[in-house]
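Residue numbers (UniProt numbering): 1 to 425.
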């Protein structure tokens, strides 16, 4: 260290002037009296210059030897000082709270210390947060409370707050004077924000479940979802996240409600749900209804209908027994086919080949197509020139079920399907 210098001068202190006393000192020499340490607790490579001891401690910015009690060096600590007073307690009061980007104005302010219940303290609390952010903060508290009570993940809560914040900012940009209002309308938009956040993070919660935890009707959350999407479109916020699929509900149901169910049963139910979606033979039903029917088909194939009854599935999936029965009746004739991925792949390939090679369209189908603004040319091809864009988009998303009328009248496909069903049964 450079802080210690020895001066060997014979001085008669009684008969010397103060100027002569400092003649042996070079004041132009730069002496490093401070040292920066990133880790003040690590003195393994330091030893005392006087006694050679390595037992050094930091005491209020000075490095001291515990053996000879001599000060070795001074330290400048650039880390924040977390203590208000010299009492050794890690109080955080010296530093302000973390800035919240969703509540920017409320994050800027000072802490006013006053006696509890005083007028000054009351006025300070009133003015600490603007009324708009106070209302927004109350919504954030509702989202946090509801999501925490229903075991919804923290990332979903944060996304829901951000989505609602964006929609709330868009309210002033909207041509409509009142979009987010009090009561059910606002509550519906809050619930819709949580639902959209769940979809964004692939957490399977149905609209009925969200409506239930927010104590809303299904129609109210549907209205809230529509209003929310209209507001988010103003800032071109993407609301087209991954659609909820039946297999997601199958996983969640089997894990949470039937924990003792064998993994092979769960995998089989998931496979059935995936193949139903691939064949698109139940597209007019909701994903959680198809999931319930998939579990029911799995239970019948494995002879465990006493464990997984239709009544139990209706309660767990929040779907009526009539709806499950209706879907099951539609899918029951395909149940052996749906559990075989190879058979489904072959069937899809054959169907695609039939659709490519066949050009026969029944007259009944042509009449129905005209009602939707579609027409067919001389070569029996759909004319898309005057077709609205939204119909073209729907046509591009169509699969087997959208062509069910065409398939129904195609003898070759009917024979093929019956042959596959006979083999599987």
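Cβ atoms here follow ideal geometry from the backbone N, Cα and C, with glycine treated the same way. The model shown is predicted, which means the values in this text are computed figures rather than measured ones.
_Tell me which residue opens and which closes the alpha helix (DSSP H) that residue 71 is part of._
Here the question's residue 71 lines up with position 71 in the chain shown. Counting along the chain, no alpha helix (DSSP H) covers residue 71; the unbroken beta strand (DSSP E) around it starts and ends at 71 to 76.
*Mind checking residue 195: buried by the 16 CB within 10 Å criterion, or exposed?*
Position 195 of the chain shown, counted from the first residue, corresponds to residue 195. Buried, by the Cβ-count rule.
*Tell me, please, which residues DSSP counts as bridged to residue 63.*
For the purposes of this step, residue 63 is taken as residue 63 along the chain shown, with counting starting at 1. Paired residues: 58, 73.
*Near residue 313, what residues of its chain come up, given a Cβ to Cβ distance below 7 Å and the 5 sequence neighbours on each side ignored?*
If you number the chain shown from 1, residue 313 lands on position 313. Excluding residues within five positions, the ones whose Cβ falls inside 7 Å are 292, 295, 296, 324.
*Run through DSSP, which three-state label would residue 158 get?*
Residue 158 sits at position 158 when you count from the first residue of the chain shown. Three-state DSSP puts residue 158 in a helix.
*Inter-stretch contact (C-beta, 8 Å, three-pair minimum) for the segment 236 to 250 and the segment 260 to 274*: Contact holds: three or more Cβ-Cβ distances are below 8 Å.
*Can you tell me whether DSSP reads residue 129 as helix, strand or coil?*
Taking the first residue of the chain shown as 1, we reach residue 129 at position 129. Coil at residue 129, not helix or strand.
*residue 51 - DSSP class collapsed to helix/strand/coil*: Here residue 51 is taken as the residue at index 51 of the chain shown, counted from 1. Residue 51: coil per DSSP, three-state reduction.
_If I measure Cβ to Cβ from residue 67 and keep anything under 8 Å in the same chain, skipping five residues before and after, which residues do I get?_
The residue given as residue 67 occupies position 67 in the chain shown. Excluding residues within five positions, the ones whose Cβ falls inside 8 Å are 48, 51, 53, 55.
*Would you call the segment 250 to 260 and the segment 185 to 194 touching, i.e. three or more CB-CB distances under 8 Å?*
Counting Cβ pairs under 8 Å, fewer than three are found: no touch.
*Hey, out of 326, 350, 190, 105, whose CA is closest to residue 227's CA?*
Here residue 227 corresponds to residue number 227 of the chain shown, with the count starting at 1. Nearest of 326, 350, 190, 105 to residue 227, Cα basis: 190.
_For residue 169, which residues in the same chain have their Cβ closer than 6 Å to its Cβ, ignoring the five residues on either side in sequence?_
Translated into the one-based positions of the chain shown, residue 169 becomes position 169. Closer than 6 Å at Cβ, skipping near neighbours: no residue.
*Residue interval of the alpha helix (DSSP H) (run including residue 213)*: As a first step, residue 213 must be located in the chain shown, where it is residue number 213. For residue 213, the enclosing alpha helix (DSSP H) begins and ends at 207 to 213.
*DSSP on residue 182, reduced to helix/strand/coil?*
Here residue 182 refers to the residue found at position 182 of the chain shown. Three-state DSSP puts residue 182 in coil, outside helix and strand.
*State the Cα-Cα distance for the pair residue 213 and residue 268, rounded to the nearest angstrom.*
Position 213 of the chain shown, counted from the start, is the residue given in the question as residue 213. Position 268 of the chain shown, counted from the start, is the residue given in the question as residue 268. Between residue 213 and residue 268, the alpha-carbon positions lie close to 31 Å from each other.
_Distance check for residue 258 and residue 307, CA to CA, integer angstroms please._
Residue numbering aside, residue 307 sits at position 307 when the chain shown is read from its first letter. Residue numbering aside, residue 258 sits at position 258 when the chain shown is read from its first letter. Near 9 Å, if we compare the C-alpha coordinates of residue 258 and residue 307.
*Using DSSP with H/G/I as helix, E/B as strand and the rest coil, what is residue 282?*
In the chain shown, the residue the question calls residue 282 occupies position 282. Note: residue 282 maps to coil in three-state DSSP.
*asked:* Quick test of your reading: residue 225 and residue 192, contact by CB under 8 Å. State the CB separation rounded to the nearest angstrom.
replied: As a first step, residue 225 is located in the chain shown; it is residue number 225 there, counting from the start. As a first step, residue 192 is located in the chain shown; it is residue number 192 there, counting from the start. Contact holds; Cβ gap of about 4 Å.
*asked:* Can you give me the C-alpha to C-alpha distance between residue 332 and residue 200, rounded to a whole angstrom?
replied: Counting from one through the chain shown, the residue named residue 332 turns up at place 332. Counting from one through the chain shown, the residue named residue 200 turns up at place 200. If you take the alpha carbons of residue 332 and residue 200, they lie about 33 Å apart.
*Out of 208, 334, 73, 280, state which residue places its alpha-carbon closest to the alpha-carbon of residue 315.*
Taking the chain shown and counting its residues from 1, one reaches residue 315 at position 315. A check of alpha carbon separations from residue 315 across 208, 334, 73, 280 identifies 208 as the nearest.
_residue 120 - DSSP class collapsed to helix/strand/coil_ = For this step, residue 120 is matched to residue 120 along the chain shown. DSSP places residue 120 within a helical segment (H, G or I) once states are collapsed to three.
*Alpha carbon to alpha carbon, how far is residue 165 from residue 426? Give it in angstroms, no decimals.*
Outside the shown range of the chain, which is 1 to 425, sits residue 426, and nothing can be said about it.
_Please state whether the Cβ-Cβ distance between residue 241 and residue 288 is less than 7 Å._
Locating residue 241 in the chain shown gives position 241, counting from the first residue. Locating residue 288 in the chain shown gives position 288, counting from the first residue. Inclusion of residue 241 and residue 288 in the CB contact set at 7 Å is not warranted, their separation being larger than that value.
*Taking the alpha-carbon positions, what's the residue 116 to residue 60 distance?*
Residue numbering aside, residue 116 sits at position 116 when the chain shown is read from its first letter. Residue numbering aside, residue 60 sits at position 60 when the chain shown is read from its first letter. Each residue's alpha carbon lies about 35 Å from the other.
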